[in-house]
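Trainee: In the numbering used here, the protein residues as written are 1 to 91.
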């Protein structure tokens, strides 16, 4: 499963980098940092959620989704918003 996730993630990251080079000229370092931290948090959440469900501990799994998954999604949203801000300013 994780091999497939890594393969898909690699393709998505490569596509995003190509898209950013085509559409946006400059990205600041903290935009990359926020996006990478959000992505790491999201994958950390997914791995621990499935691990907890596999051990039949559904309540900790749901709490883990809330405690680490929600901040991961928020960070990814902030990163996306920063990227769109650059796109709108360059037009």
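By construction, the Cβ of each residue, glycine as well, lies at the ideal position given by its N, Cα and C atoms.
A quick note: this is a predicted structure, and the numbers were derived from the prediction, not measured.
Is the segment 71-89 close to the segment 22-42, with three or more CB pairs under 8 Å?
Mentor: Of all C-beta pairs linking the segment 71-89 to the segment 22-42, three or more are shorter than 8 Å, placing the two stretches in contact.
Trainee: Along the chain, where does the alpha helix (DSSP H) containing residue 42 start, and where does it finish?
Mentor: For this step, residue 42 is matched to residue 42 along the chain shown. Its alpha helix (DSSP H) spans residues 29-54.
Trainee: Check whether the Cβ of residue 56 lies closer than 7 Å to any Cβ atom in chain D.
Mentor: Among the protein chains of the structure shown there is no chain D, as only one such chain exists.
Trainee: Please go through the same chain and pick out, in chain order, the residues whose beta-carbon is closer than 6 Å to the beta-carbon of residue 21, but skip the five residues on each side of it.
Mentor: Looking up residue 21 in the chain shown gives position 21. Hits under 6 Å: none found.
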